Amino acid sequence: MNRIVGKEYFSERVVKLEIEAPLIAKSRKAGHFIIVRVGKKGERVPYTIASSDKQKGTITLVVQRVGKSSEKLCQLEVGDYVTDLVGPLGKATHIENFGTVLCAGGGVGVAPMLPIIEAMKNAGNRVITVLAARTKELIILEEQVRQFSDEVIIMTDDGSYGNKGLITNGIEMVIQREKVDQCVTIGPAIMMKFVAQLTKKYNIPTIASLNTIMVDGTGMCGACRITVGGQIKFVCVDGPEFDAHQVDFDEMLMRLKAYN
Amino acid sequence: MTSEETLKEERSTPWREMLRKTIKNKERTDLPRVKMPELDAEIRSHNFDEVNQGLTKEQAVAESHRCLDCVNPTCITGCPVSINIPKFIKNIEREEFLEAAKALKETSALPAVCGRVCPQEKQCESQCFYTQKLKKPAVAIGYLERFAADYERNSGQISIPTLSSPNNIKIAVVGSGPTGLSFAGEMTKAGYDVTVFEALHELGGVLRYGIPEFRLPNPIVETEIDVLKKMGVKFMTNCIIGKTILQEDLTEYGFKGIFIGSGAGLPNFMHIPGENLIGVMSCNEYLTRVNLMQAADPDSDTPVQKGKKVAVIGGGNTAMDGVRTARRMGAERAMIVYRRSEEEMPARIEEIKHAKEEGIEFMTLHNPIEYKGDETGHVKQMHLQRMRLGAADVSGRRKPEPIEGDTIWVDVDEVIVSVGVSPNPLIPQTFTGLEVTKRGTVVVNEATLQAADKHIFAGGDIVRGGATVILAMGDGRRAARAMDEYLIKKLSTKE
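Top to bottom, those sequences are chains R and Z. All the letters of the first sequence, read from the start, carry residue numbers 9 to 268 under my numbering. All the letters of the second sequence, read from the start, carry residue numbers 1014 to 1508 under my numbering.
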């Protein structure tokens, strides 16, 4: 069992949890996810790892309360235990010195993007990060993102913070200004779909990190399957990161509603 | 002493000689084969209670009289884990049921499981004297095995096999399915310090996530695993070797041998239009939700589709498990769609019989070619191609061919795809020192199950690509012997 050692509210609906998991903290890399289960009747739910501390033996998750299972997880307090935690799962992000990397994160997608921003910076890239959310209080981890980004552009739908507009407006602004060699996007599926459409127009290679419905997370069930370049892929073992220009986002959006 | 000599010596113990003398063979062979008591088909198709109820003491003893205690017990050669079959059956005949269970455990780590899910008709019972020479129904070895194992469990006097003195050599087992458990049991008996690593949150592998409770209740699996725990096998759930703990970490932690039994988890799809619609899923997903995640329980957080018109694609045991589960989950129409005829179905005859009794429709010689969905993306129809059988193919089965232009549309609201599984890619992706085939199976020496890296052995579906519980268990047992020999030799040359 894994104990919760830290809890912080980013907003009413977004919670950061630091959980003891020494083996995972030791072996995880940017892009990896875990599966967590709360209670003996709990569901297995995937979350991308936001950060880890090898010395303390902990990993950090950023969880948005959207349904029963995330609600249960967010209700846990420091000192409580999650019932099961397994990982790190999936393939790690491919990190190299591309030149200029544009990281586009929406909502809680910024949390799993943070380790990628850090790794890209450490690999020698110029990193420009676009953070987007509906409104000011939903912009998370800005300070940490600034630490590893050469520039941070903030977009809010209502203009309450940064620039008023969508994430794509922020991205296009950068693209029109300078050469971008690689784009990474994490956020709601619908957002990633539009980011992919935009960067495709400009021929910028783009990686999207997908979060689909999963059961085991180890390749056994295929609940997470999507179509990439006309081929069936399993997000859990073939991903979670894919060439965003090849992903059939419409099918993915449909499949996300399987149990709604 | 060779195992053959042991068998002979045990056969000549006075009590067995006496049993053979008390009843004439003619009288024994005239006895009819026992029938397994089963739950009523209508009642059981609405619940998850075990279908086969098990033999009563009287039935078991009567059936045991049919066994002739042959001089040359060919049945044993049909058993992948070489259970001393006459020994356990004759113990049932003399009503020493606990002794019968002990005899089973000499070579099998999971007798109560095997008694339920082994295809005995293709293994021990196919080699029985009755089948081979008398052309009569075989002794019901499987039913008797289950009886002895259940008797012991219900008696509360579960015996723990005798262990050699500990040698403190650490062995890692990847996966807690049948092959891993069998391997762990054998190595622990030989004195090794064994740790089994399991990726899921429950132990048992396919016994837990795959086989439904109406065939194999979870407490049966738990009891057998408890015996292994009592023997000293350590288990670690939620741990993926190659991910949570890396291969090199195992070496660093002092593990001297690794046995890979990670199974064939990856479900195959047919790659036809509409296969990603909502309501179309792999049989693995469906069974995992119901068996492992207990989705039929209203208190479970894990959802599952509860289709009224359910098609299960495939003709294997997993397909039968899927369709019978769908029936129990409330399907009014539950269909098997299979491209060959019933004769070619790989499923056990018993499973097909049970499915039919439960009202499952069999659409044989039909093959899906497309699915159509409604406006929300939920499957609503399947397009089936009618087939006929052509000439025999390499597998010896007649090859199904489409009948040009002969297709039908059938309304469905759930489709469960059960067209086989492939080896789990995690191990081949994360291990070094393994030779992997195109199909993703790990290459091992056929006799010893040793991999290219000499301290790694592998067995079960990661090697076979999709077989049975008992073949996987047989692999575990053989690999244990081979690893033991290899390590003893290696360690003695070092000293």
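All residues carry an ideal CB built from backbone N, CA and C; glycine is no exception. As the structure is a prediction and not an experimental result, all values here were calculated from the model.
- Sequence-ordered contacts of the stretch 1232–1261 of chain Z with chain R read T1250, N1251, C1252, I1253, K1256, T1257, I1258 and L1259 [C-beta pairs closer than 9 Å].
- If you draw a straight line from the Cα of G1343/Z to the Cα of Q1318/Z, it comes to about 10 Å.
- The criterion of a C-beta distance shorter than 9 Å is not satisfied by G178/R and I198/R.
- A Cβ-Cβ distance of about 4 Å is found for the pair F1470/Z and A1492/Z, placing them in contact under the 8 Å criterion.
- Using a CB distance below 8 Å, the part of the stretch 58–81 of chain R facing chain Z consists of K76, S77 and K80, ordered along the chain.
- In this structure, DSSP gives R73/R a state outside helix and strand, which the three-state scheme calls coil.
- In this chain, the alpha helix (DSSP H) harbouring P1441/Z covers L1439 to T1443.
- From the listed residues V74/R, D251/R and I67/R, the smallest Cα separation to P123/R is found for I67/R.
- By the Cβ neighbour-count rule, G132/R is exposed, with fewer than 16 other Cβ atoms within 10 Å of its own.
- The beta strand (DSSP E) runs of length 3 or more contained entirely in the stretch 28–63 of chain R are, from start to end of the chain, 41–45, 53–56 and 59–61.
- Interface criterion not met: the Cβ of L1157/Z is under 9 Å from no Cβ in chain R.
- Residue environment for M1031/Z: exposed (fewer than 16 other C-beta atoms within 10 angstroms of its C-beta).
- Distance from the CA atom of H40/R to the CA atom of I221/R, rounded to whole angstroms, is 16 Å.
- Within the same chain, and ignoring the five residues on either side of E180/R in sequence, the residues whose Cβ sits closer than 7 Å to its Cβ are L206.
- The beta carbon of E1414/Z lies closer than 7 Å to those of M1400, R1401 and G1403 in the same chain, with the five residues before and after it left out.
- Taking 7 Å as the Cβ-Cβ cut-off, the stretch 1209–1221 of chain Z approaches chain R at A1212, L1213 and H1214, given in chain order.
- P54/R is outside the set of residues whose beta carbon lies under 9 Å from a beta carbon in chain Z.
- Buried is the label assigned to T193/R, since at least 16 other Cβ atoms lie within 10 Å of its Cβ.
- For D1163/Z, the enclosing alpha helix (DSSP H) stretches over residues I1154 to S1168.
- Interface flag for A197/R against chain Z is unset, since no Cβ pair is found closer than 9 Å.
- For secondary structure counted as the alpha helix (DSSP H) over 4 or more consecutive residues, the stretch 1209–1269 of chain Z holds these complete runs in sequence order: 1219–1222, 1231–1244 and 1260–1265.
- G87/R is classed as exposed because its beta carbon has fewer than 16 other beta carbons within 10 Å across all chains shown.
- Contact of N1437/Z with chain R by beta-carbon distance below 9 Å involves T226, G227, M228 and V245.
- With contacts defined as CB atoms closer than 9 Å, Q1145/Z and K49/R fail to qualify as a contacting pair.
- As for any beta strand (DSSP E) of minimum length 3 sitting wholly inside the stretch 84–158 of chain R, the runs are 92–97, 108–114 and 134–141, ordered along the chain.
- The residues I57, S60 and P96, in chain order, have a CB closer than 6 Å to that of R36/R in the same chain once the five nearest residues on each side in sequence are set aside.
- Straight-line spacing of the CA atoms in V1064/Z and D1334/Z works out to 12 Å.
- Per DSSP, F257/R is one residue of the alpha helix (DSSP H) stretching across F257 to R263.
- Against chain Z, the CB of Y267/R has a partner CB under 9 Å away; the residue lies at that interface.
- M1348/Z has A1324/Z and E1374/Z as its beta-bridge partners, per DSSP.
- S157/R is a Cβ neighbour of I136/R, given a cutoff of 9 Å.
- Straight across, the Cα-Cα distance linking V1449/Z with V1126/Z is about 30 Å.
- For L1279/Z, a Cβ of chain R is located within less than 9 Å of the residue's own Cβ.
- Taking 9 Å as the threshold, the shortest C-beta distance from L97/R to chain Z falls below it.
- Under the 10 Å beta carbon count, H1214/Z is surrounded by 16 or more other beta carbons and is classified as buried.
- Within the DSSP bridge table, the entry for A1185/Z names T1208/Z and I1271/Z as partners.
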